[in-house]
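Undergrad: Residue numbers (full-length UniProt numbering), protein chains in the order written: chain A, 1 to 78; chain B, 1 to 78; chain C, 1 to 78; chain D, 1 to 78; chain E, 1 to 78; chain F, 1 to 78. Yeah, the Cβ is synthetic: ideal placement off N, Cα and C, and Gly gets one too. One structure, pasted below without further comment.
Number of protein chains: 6
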Amino acid sequence: MPVVTIQITREGSGPGRDAATKEEKAALIKGASQLLLDVLNKPVNSTFVVIEEVDTDNWGWEGMSITEYRKLQRDGKK
Amino acid sequence: MPVVTIQITREGSGPGRDAATKEEKAALIKGASQLLLDVLNKPVNSTFVVIEEVDTDNWGWEGMSITEYRKLQRDGKK
Amino acid sequence: MPVVTIQITREGSGPGRDAATKEEKAALIKGASQLLLDVLNKPVNSTFVVIEEVDTDNWGWEGMSITEYRKLQRDGKK
Amino acid sequence: MPVVTIQITREGSGPGRDAATKEEKAALIKGASQLLLDVLNKPVNSTFVVIEEVDTDNWGWEGMSITEYRKLQRDGKK
Amino acid sequence: MPVVTIQITREGSGPGRDAATKEEKAALIKGASQLLLDVLNKPVNSTFVVIEEVDTDNWGWEGMSITEYRKLQRDGKK
Amino acid sequence: MPVVTIQITREGSGPGRDAATKEEKAALIKGASQLLLDVLNKPVNSTFVVIEEVDTDNWGWEGMSITEYRKLQRDGKK
Numbered sequence: 001m002p003v004v005t006i007q008i009t010r011e012g013s014g015p016g017r018d019a020a021t022k023e024e025k026a027a028l029i030k031g032a033s034q035l036l037l038d039v040l041n042k043p044v045n046s047t048f049v050v051i052e053e054v055d056t057d058n059w060g061w062e063g064m065s066i067t068e069y070r071k072l073q074r075d076g077k078k
Numbered sequence: 001m002p003v004v005t006i007q008i009t010r011e012g013s014g015p016g017r018d019a020a021t022k023e024e025k026a027a028l029i030k031g032a033s034q035l036l037l038d039v040l041n042k043p044v045n046s047t048f049v050v051i052e053e054v055d056t057d058n059w060g061w062e063g064m065s066i067t068e069y070r071k072l073q074r075d076g077k078k
Numbered sequence: 001m002p003v004v005t006i007q008i009t010r011e012g013s014g015p016g017r018d019a020a021t022k023e024e025k026a027a028l029i030k031g032a033s034q035l036l037l038d039v040l041n042k043p044v045n046s047t048f049v050v051i052e053e054v055d056t057d058n059w060g061w062e063g064m065s066i067t068e069y070r071k072l073q074r075d076g077k078k
Numbered sequence: 001m002p003v004v005t006i007q008i009t010r011e012g013s014g015p016g017r018d019a020a021t022k023e024e025k026a027a028l029i030k031g032a033s034q035l036l037l038d039v040l041n042k043p044v045n046s047t048f049v050v051i052e053e054v055d056t057d058n059w060g061w062e063g064m065s066i067t068e069y070r071k072l073q074r075d076g077k078k
Numbered sequence: 001m002p003v004v005t006i007q008i009t010r011e012g013s014g015p016g017r018d019a020a021t022k023e024e025k026a027a028l029i030k031g032a033s034q035l036l037l038d039v040l041n042k043p044v045n046s047t048f049v050v051i052e053e054v055d056t057d058n059w060g061w062e063g064m065s066i067t068e069y070r071k072l073q074r075d076g077k078k
Numbered sequence: 001m002p003v004v005t006i007q008i009t010r011e012g013s014g015p016g017r018d019a020a021t022k023e024e025k026a027a028l029i030k031g032a033s034q035l036l037l038d039v040l041n042k043p044v045n046s047t048f049v050v051i052e053e054v055d056t057d058n059w060g061w062e063g064m065s066i067t068e069y070r071k072l073q074r075d076g077k078k
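Structure (structure tokens):
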């Protein structure tokens, strides 16, 4: 009966994308369910996976938003 | 001081609806607050209820997204 | 596929008890599952309920811990 | 390695605004990171902050939604 | 910057154990971090994993606690 | 009506302590409530703070548990 919650920023994982794709989400769901089966013998039909996408303005690291953090990275300051 | 978090998929509970209605959400809030009062004597003014609606692409069960799961159900495969 | 998370302080609901009883927890589980069935037609076998009990030192309200808050209540200051 | 999750209703903190601003979110992130540094010596580069904004229809208090609650306040009934 | 939260019941995955072992937890952490790297290119040093173990009295499914559910299973009624 | 959840590892912030103290928790509660008041004008009597302490075996970073991570730090490998 596990619940796996995956919180990620709403960003693309490559050029031209601005969020995780359906395929990536499906891979996260499949992989997380498989992990619980492999490690703890939890049948996949008893595992829930919830993906929460968080705006980069709403996620903080190092005391600043990820929006700001990414800007510093693009400017070569991170 | 309870907090009740209700996570549901963003789907309608009947034909022609694609999400929980305001009335359904109000009923969840009222019912959850009443439950804490009935069972644990928590006054309703000390209970918070938070409803989180999750896209069907972002919710997984049986190793697949609910989007996919609903499709199998419509095709009679579930 | 709902998940209902109920966060409560670890306190008894009456004299001589210092935490929710098994019976009270069972009533919360039953009631929350029933609520989702009644309001959104969610079958009870698709609803998870998770009860999180939090020490009164770890729960804050009005800028103080519930441990402190209860003391003020006992002293008639709340 | 702390994670601070701040759940707020999606409302403006003053006239003419209907949600927390970027500046307010940045202040929450900065303040929460600083708090963990001040109190527990957690370096700011090990603290994540996640801000979750919840629609007023989806947040309940006193057995009703905040949408309803705000209406009663505007009508002078709260 | 992902956070992966894995909620499981506090039960052993085999005879003679009553909770997930250190090794199983380490495998969950490693696997979840790897999953985020594989699917979304998230470096492992930016992923947090939090495992929450929940007493079987505090987890509900099908309207009953997992304590009760396991008893029905042992009695061949599930 | 904010809820601030602070997840930390169960570790002392200095020598001779193995968990956050009552005073540190009280400071987190007070500081988080004050932050919401300062930034978003939320009255302290409408803010809940929940502190979740997580065993170092149950928290992962860089693909390993914090138990392991601390060991590497003590050995000068981090």
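Which residue comes first and which comes last in the alpha helix (DSSP H) that contains A/Thr67?
TA: Where A/Thr67 is concerned, the enclosing alpha helix (DSSP H) stretches over 66-74.
Undergrad: State the Cα-Cα distance for the pair F/Lys30 and E/Trp59, rounded to the nearest angstrom.
TA: Looking at the two C-alpha atoms, the distance is approximately 31 Å.
Undergrad: Measuring straight from C-alpha to C-alpha, what distance separates C/Gly16 and C/Glu23?
TA: For C/Gly16 and C/Glu23, the distance between alpha carbons rounds to 15 Å.
Undergrad: Could you tell me the boundaries of the alpha helix (DSSP H) in which C/Glu52 lies?
TA: Taken as a continuous stretch (DSSP letters only), C/Glu52 belongs to no alpha helix (DSSP H), being part of the beta strand (DSSP E) at 48-54.
Undergrad: Quick one, which residues of the segment 5-24 of chain C are near chain B if we go by CB-CB under 8 Å, in chain order?
TA: Result list: Thr5, Ile6, Gln7, Ile8, Thr9, Ser13, Gly14, Ala20, Glu24.
Undergrad: Helix, strand or coil for C/Gly60? Go by DSSP, reduced to three states.
TA: In the structure shown, C/Gly60 sits in a strand (DSSP, three-state: E or B).
Undergrad: Starting from the beta carbon of D/Tyr57, find every residue of chain B whose beta carbon is closer than 7 Å, and list them in chain order.
TA: A quick correction: the sequence has Asp, not Tyr, at residue 57 of chain D. Those are Lys22, Lys25, listed as they occur along chain B.
Undergrad: Measuring CA to CA, which of C/Ile8, C/Met1, C/Pro2, C/Val4 is closest to B/Lys42?
TA: Of the listed residues, the one whose Cα sits closest to B/Lys42 is C/Ile8.
Undergrad: Got a sec? Which residues, its chain only, sit under 7 Å from B/Lys78 by beta carbon, not counting five neighbours each side?
TA: For B/Lys78, where only same-chain residues beyond five positions count, the Cβ hits under 7 Å are Tyr69, Leu72.
Undergrad: Applying the criterion that 16 or more other CB atoms from any shown protein chain within 10 Å of the CB defines a buried residue, is E/Gly12 buried or exposed?
TA: That one is exposed.
Undergrad: Cβ closer than 8 Å: which chain F residues qualify as neighbours of B/Val3?
TA: Within 8 Å Cβ-Cβ: Val3, Phe48, Val50.
Undergrad: With a CB to CB cut of under 6 Å and the five nearest residues on each side skipped, what residues in its chain are close to C/Thr5?
TA: Answer for C/Thr5: Val50, listed in chain order.
Undergrad: Which residue comes first and which comes last in the alpha helix (DSSP H) that contains F/Val39?
TA: First-last of the alpha helix (DSSP H) with F/Val39: 22-40.
Undergrad: Can you give me the Cβ contacts of B/Asn45 inside the same chain, cut-off strictly under 8 Å, excluding the 5 residues immediately before and after it?
TA: Same-chain partners within the cutoff: there are none.
Undergrad: B/Gly14 to C/Met1, Cα distance in whole Å?
TA: If I take the Cα positions, the gap works out to 16 Å.
Undergrad: Near E/Gln34, what residues of its chain come up, given a Cβ to Cβ distance below 8 Å and the 5 sequence neighbours on each side ignored?
TA: Only Val44 meet the Cβ criterion.
Undergrad: Can you list, in chain order, the residues of its chain with a C-beta nearer than 7 Å to that of A/Asp55? Leave out the 5 residues immediately preceding and following it.
TA: Once the five neighbours on either side are set aside, the close Cβ partners of A/Asp55 are Arg10.
Undergrad: Could you tell me the alpha carbon to alpha carbon distance between E/Glu52 and E/Lys25, rounded to whole angstroms?
TA: So the alpha carbons of these two residues sit roughly 10 Å apart.
Undergrad: Let me know if E/Asp57 comes out buried or exposed under the rule of 16 or more other beta-carbons within 10 Å of its beta-carbon.
TA: E/Asp57 should be labelled buried.
Undergrad: Leaving out the 5 sequence neighbours to the left and right, which residues in its chain are closer than 6 Å to B/Ile66 when beta-carbon positions are compared?
TA: Thr9, Thr56, Trp59, listed in sequence order.
Undergrad: Nearest-angstrom Cα distance between C/Gly63 and F/Ala27?
TA: Their backbone Cα atoms lie some 9 Å apart in a straight line.
Undergrad: Comparing the C-beta of C/Glu68 with each C-beta of chain F, is any distance below 9 Å?
TA: Chain F contact via Cβ: present.
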